[in-house]
Amino acid sequence: MKGLHTLKPEPFIPFNRFHALLYSIAILALVFNRCSSLMNNSTSNCVAFFMFSFLLLAELVFALQWVTGQAFKWRPVRRREWPERLCEVVEEKQLPKLDVFVCTADPYKEPPVRVLSTALSAMAFEYPAEKLSVYVSDDGCSELTMFAFMEAARFARHWLPFCKDNNILVRSPEAYFNGSNHSYCSDASSPNIKIMYQNMKERVESSMERGFVSEDMLTSEEESQLFMKWKGFTRRDHPSVIQILLESSKDRDVSGAQLPNLVYLSREKSSTTPHNFKAGALNALLRVSGLMTNAPVILTMDCDMYSNDPRTPLRALCYLLDPKITPELAYVQFPQCFQGINHKDIYASEIKRLFQINAQGFDGLCGPNYVGTGCFFPRRCFFSLPGSPSSLEDVATSTTTITGVDESEELSSILQRAHEAASCRYEHGTKWGFSIGFRYESVVEDFNTGYSLHCKGWRSVFCNPERPAFLGDVAMNLNDVLSQGKRWCVGLLEVAFSRHCPLTFGTKNASLLVGLCYAYYALWWIWFIPITTYALLPQLALINHIPLFPKISDPWFYLYAYLFIAAYAQDLTEFIIGGSTFWKWWNDQRMWMMRGVTSFIFGSIEFTLQSLGISTSGFQVTNKVMGDEQSERYKKGMFEFGVASPLFVPLGIVAIVNLSSFAVGFAEVLRKEVSFDEMFVQLFISGFVMVNSWPIYEAMFLRKDGGRMPKIITILAICMTLLLVSLSLFIFRG
């Protein structure tokens with residue numbers, strides 16, 4: 005029998021290792037040179053001493069992150085799976101049950117039409133309906149979301165057979181009917197199914213506009229009684245709500261075939277009890293599903309990441325049903341891929357390094373980190389240590405869970421127990437969120453959960469098929485992109501400063517290389533030190549005629565040139581090999597610098613305030629709603645500022661400081677007041693940052709549309725720049 009999957013190391017591994025050796029020597033030489041400069045200025049010039057000290061600190065942080073990043077390059081691999089061979093291993097009736105978890109939290113930021121389309125795409129998997137259950141967690145406990153899924157349950161009776169009869173690949177109705185990803189099906193029923201979808205969509209959006217579900221939208225007294233539950237509910241205070249919208253053993257589609265289970269869940273919340281954000285919602289789903297269907301395989305999906313390939317579960321089973329790797333396999337992770345990205349990807353929304361390039365490197369060690377969506381888990385990994393089951397039969401029938409399903413038990417009794425499992429008091433005095441289930445202690449529950457599983461000895465697999473398994477929407481304004489980065493930064497700091505710090509706990513309990521990989525992310529925030537230093541210090545020194553780098557005629561200059569060119573060349577090469585383009589790479593490095601002076605700084609400040617017990621904004625849901633004008637500007641490649649966000653202030657300061665320093669420095673070189681040979685590096689850094697800052701200049705001074713930089717931010721940035729430059733003149737020349 006042929007294997008279900010193959011693994012192949014990347015051919016450029018020897019080059020990576022040779023480059024790492026050369027670059028390591030160059031870094032050591034750089035540190036030696038900087039320390040020598042520091043010693044030479046330790047007594048003669050106090051200001052120069054402190055400037056060289058800051059540069060040394062910045063370069064040591066650069067070196068630290070470079071070292072941790074080399075772990076991803078040690079053994080990157082590519083995998084391929086063969087789902088068509090599954091029939092040789094297991095019959096369809098022997099396939100394991102699959103529970104799908106879809107989480108949503110706010111109907112106004114995560115439109116219910118998109119959420120239900122994601123759920124319908126999962127319900128339409130090429131998988132036995134009687135073995136498939138979709139659970140929707142509504143952490144906002146919104147009657148609007150509940151109504152949307154009641155409508156979805158009715159529409160599913162027509163949509164699922166339509167997809168399967170016509171072999172539709174894009175089975176999210178919202179994605180299918182927008183016509184952007186495919187050609188329409190030529191089946192005669194296609195116009196009818198589109199009319200049905202539009203009617204459902206209008207009903208859901210009409211309720212959204214009203215802000216409540218009116219009586220005329222309901223079709224029975226039973227539905228009216230159901231919505232009476234929501235009276236007196238708030239987002240932070242409400243009992244648990246569990247509603248079975250479709251039951252596989254009873255409900256049929258229009259062709260007479262069984263439908264998958266569809267269950268709505270809103271766990272109990274109390275303003276006096278911590279709810280642990282998305283991890284708490286996933287653990288409630290884990291317990292409730294364990295009592296109701298108890299599938300041995302679980303798929304987690306973000307509400308805006310729909311299935312783009314109905315055969316995706318079969319790809320995951322190529323690994324989950326392989327007895328050679330099953331005993332230690334915790335999950336199969338698919339990459340996050342996105343639709344609607346403009347051709348230059350101005351916000352680096354692909355996040356290609358995290359979701360694809362580094363994931364391949366991780367896969368050659370112990371497997372990729374969990375990224376929160378598009379991930380298949382064997383249920384047992386949340387409750388036990390690696391080592392069993394070890395056979396195909398065990399994998400397909402394993403039901404390790406909190407209790408398990410007793411098929412003779414009455415549904416009413418199961419629902420009563422499920423409500424208790426979804427209560428906010430259930431976890432008190434238990435190990436849920438710490439050694440059982442999805443992990444707490446960080447708002448980046450995905451990172452923390454994958455890290456914890458790897459430290460326990462579990463492994464994972466990166467499955468990256470040619471056709472994206474899942475597609476999602478991207479944030480299309482800069483404030484949302486930077487705010488999301490800030491939230492990630494806070495969560496990663498929570499891991500970095502916990503007792504499970506990857507540099508200590510990770511390297512000890514997983515392996516040195518795995519610990520370094522997780523440390524690379526956990527220390528993401530620390531990038532703000534070198535990025536902010538290089539964005540401001542050489543420029544202020546240039547204005548004040550203070551050289552900080554070797555002359556062009558100095559042999560040490562070529563060391564700095566090599567370090568810069570080699571790092572950027574390798575980064576670009578990895579992007580091109582990964583199927584990206586030069587302009588996408590360029591915007592990725594620009595967004596890395598932008599995050600360095602915004603998300604990383606503000607995230608570090610927020611974490612510090614939280615550590616001191618000072619209240620901050622807390623968890624924020626990324627807005628998935630976008631206006632038509634904003635969409636048009638994004639398609640044209642125009643940055644969207646628009647709102648007076650404090651995150652934009654440092655961007656404005658950095659842009660103006662670099663423009664000023666380049667103009668002053670270039671003018672003084674022409675007047676021969678400073679030496680071009682001596683100031684070339686600082687002029688280059690100012691020019692490089694200035695080129696990257698073009699969208700900021702455009703938004704501050706040239707644009708008149710709704711996406712321009714607000715005047716208050718521009719004025720504030722100019723005033724703070726004047727203050728900063730004046731302060732530097734006073735210190736350096738005073």
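If you count the sequence shown from 1, position 330 lands on 334 in our numbering, and the numbers rise without skipping.
Quick reminder that beta carbons are idealized off the backbone N, C-alpha and C, glycines included.
Can you tell me the Cβ-Cβ gap for residue i and residue j, rounded? I've got them flagged as a contact below 8 Å.
i: residue 555; j: residue 682; result: 5 Å
i: residue 139; j: residue 269; result: 6 Å
i: residue 309; j: residue 120; result: Wrong, their Cβ atoms sit about 14 Å apart, outside the cutoff.
i: residue 247; j: residue 127; result: Their Cβ separation, rounded to whole angstroms, is 16 Å, which puts residue 247 and residue 127 out of contact at 8 Å.
i: residue 490; j: residue 606; result: 5 Å
i: residue 59; j: residue 537; result: 7 Å
i: residue 651; j: residue 602; result: 5 Å
i: residue 135; j: residue 101; result: 5 Å
i: residue 292; j: residue 422; result: 5 Å
Cα-Cα, which of the options is closest to residue i?
i: residue 223; options: 391, 238 and 207; result: 207
i: residue 644; options: 481, 510 and 501; result: 481
i: residue 182; options: 171, 198, 167 and 169; result: 198
i: residue 253; options: 586, 29 and 133; result: 133
i: residue 639; options: 294, 20 and 349; result: 349
i: residue 69; options: 528, 332 and 105; result: 528
i: residue 444; options: 483, 498, 487 and 433; result: 498
i: residue 539; options: 664, 680 and 26; result: 664
i: residue 154; options: 259, 236, 251 and 235; result: 251
i: residue 93; options: 16, 581 and 326; result: 326
i: residue 493; options: 464, 507 and 452; result: 452
i: residue 416; options: 296, 735 and 636; result: 296
Under a Cβ-count criterion, where at least 16 other Cβ atoms within 10 Å of its own Cβ denotes burial, should residue i be classed as buried or exposed?
i: residue 747; result: Given that the chain is displayed from residue 5 to residue 738, the structure contains no residue 747 and the question cannot be resolved.
i: residue 729; result: buried
i: residue 394; result: Model confidence at residue 394 stands at a pLDDT of 44, short of 50, so the residue's coordinates are unreliable; what they give is reported in the following sentence. Answer is exposed; the Cβ neighbour count stays below 16.
i: residue 470; result: exposed
i: residue 95; result: exposed
i: residue 187; result: Caution applies to residue 187, whose pLDDT of 49 falls short of 50 and renders its modelled position unreliable; the model cannot decide the point.
i: residue 3; result: For the chain, the structure presents residues 5 to 738; residue 3 sits outside this window and is missing.
i: residue 249; result: buried
i: residue 399; result: Low confidence applies to residue 399: its pLDDT is 46, below 50, so where it sits in the model is not reliable, and the reading given next is rough at best. Buried, by the Cβ-count rule.
i: residue 215; result: exposed
i: residue 408; result: At residue 408, the pLDDT of 48 sits below 50, so the modelled position is not reliable; the number obtained from the coordinates is stated separately. That one is exposed.
i: residue 272; result: buried
i: residue 1; result: Outside the shown range of the chain (5 to 738) lies residue 1, about which nothing can therefore be said.
i: residue 330; result: buried
i: residue 169; result: exposed
i: residue 429; result: exposed
i: residue 510; result: buried
Should residue i be flagged as near chain D, meaning a C-beta pair shorter than 8 Å?
i: residue 275; result: This model lacks chain D altogether; it includes just one protein chain.
Going by the CB atoms, is the gap between residue j and residue i shorter than 8 Å?
i: residue 323; j: residue 379; result: no
i: residue 125; j: residue 311; result: yes
i: residue 524; j: residue 122; result: no
i: residue 381; j: residue 372; result: no
i: residue 532; j: residue 604; result: yes
i: residue 648; j: residue 700; result: no
i: residue 720; j: residue 661; result: no
i: residue 10; j: residue 84; result: yes
i: residue 600; j: residue 550; result: no
i: residue 21; j: residue 369; result: no
i: residue 105; j: residue 304; result: yes
i: residue 548; j: residue 737; result: yes
i: residue 646; j: residue 717; result: no
i: residue 351; j: residue 595; result: yes
i: residue 115; j: residue 146; result: no
i: residue 55; j: residue 541; result: yes
i: residue 314; j: residue 166; result: no
i: residue 726; j: residue 75; result: no
i: residue 159; j: residue 212; result: no
i: residue 345; j: residue 332; result: no
i: residue 317; j: residue 468; result: no
i: residue 724; j: residue 713; result: no
Could you pull the DSSP bridge partners for residue i from this structure?
i: residue 718; result: DSSP, once it has assigned bridges, lists no residue as partnering residue 718.
i: residue 9; result: 85
i: residue 100; result: For residue 100, which the question treats as bridged, DSSP gives no partner whatsoever.
i: residue 304; result: 105 and 379
i: residue 266; result: 138 and 250
i: residue 463; result: 333
i: residue 311; result: 474
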